[in-house]
Amino acid sequence: MPITVELAVIETDPGFKGDTATAGNKSAKLETGLTIQVPLFINEGDVIKVDTRTGTYLERSS
Numbered sequence: 035m036p037i038t039v040e041l042a043v044i045e046t047d048p049g050f051k052g053d054t055a056t057a058g059n060k061s062a063k064l065e066t067g068l069t070i071q072v073p074l075f076i077n078e079g080d081v082i083k084v085d086t087r088t089g090t091y092l093e094r095s096s
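Heads up: the sequence shown begins at 35 in our numbering, then just goes up one per residue.
Next comes the structure, spelled out in C-alpha cells:
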C-alpha cells in the first residue's frame, strides 16, 4: 500500500476570506467516505494528499 494517496474532498463547510491567515481545522468527507480534519482553506472539489498510515491530511495537491 502506498504511504500517501490523493483523494477528492466531496463534502466540507465552505472556506471564508481570511481563513488562510488563521490556524484551524474543519471536517471534510473524502471520496472514499473517510472523514478527516483539514485546514480551513480546503474546499469541496479540492484534491488532497492523505497519509495512509495515520489517515491524516498532508497537503493540497496541485
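Idealized CB from N, CA, C, for every residue including glycine.
Neighbourhood of GLY89 by C-beta distance below 8 Å, restricted to the same chain and skipping five residues each side = For the purposes of this step, residue 89 is identified with residue 55 of the sequence shown, where counting begins at 1. Excluding sequence neighbours, GLY89 sits near LEU68 and ILE70.
State the Cα-Cα distance for the pair VAL81 and LYS63, rounded to the nearest angstrom.
-> Translated into the one-based positions of the sequence shown, residue 81 becomes position 47. Translated into the one-based positions of the sequence shown, residue 63 becomes position 29. Cα to Cα, the separation comes out at about 12 Å.
Secondary structure of ILE44, DSSP reduced to three states | Here residue 44 is taken as the residue at index 10 of the sequence shown, counted from 1. DSSP places ILE44 in strand when its eight states are reduced to three.
Ordered along the chain, which non-local residues of its own chain (more than five positions away) have a Cβ less than 8 Å from that of VAL39?
-> For this step, residue 39 is matched to residue 5 along the sequence shown. Here the set comprises LYS83, VAL84 and THR86.
If you measure from the CB of GLY79, is any heavy atom of the ligand HEM nearer than 6 Å?
-> This structure lacks the ligand HEM, and indeed carries no ligand of any kind.
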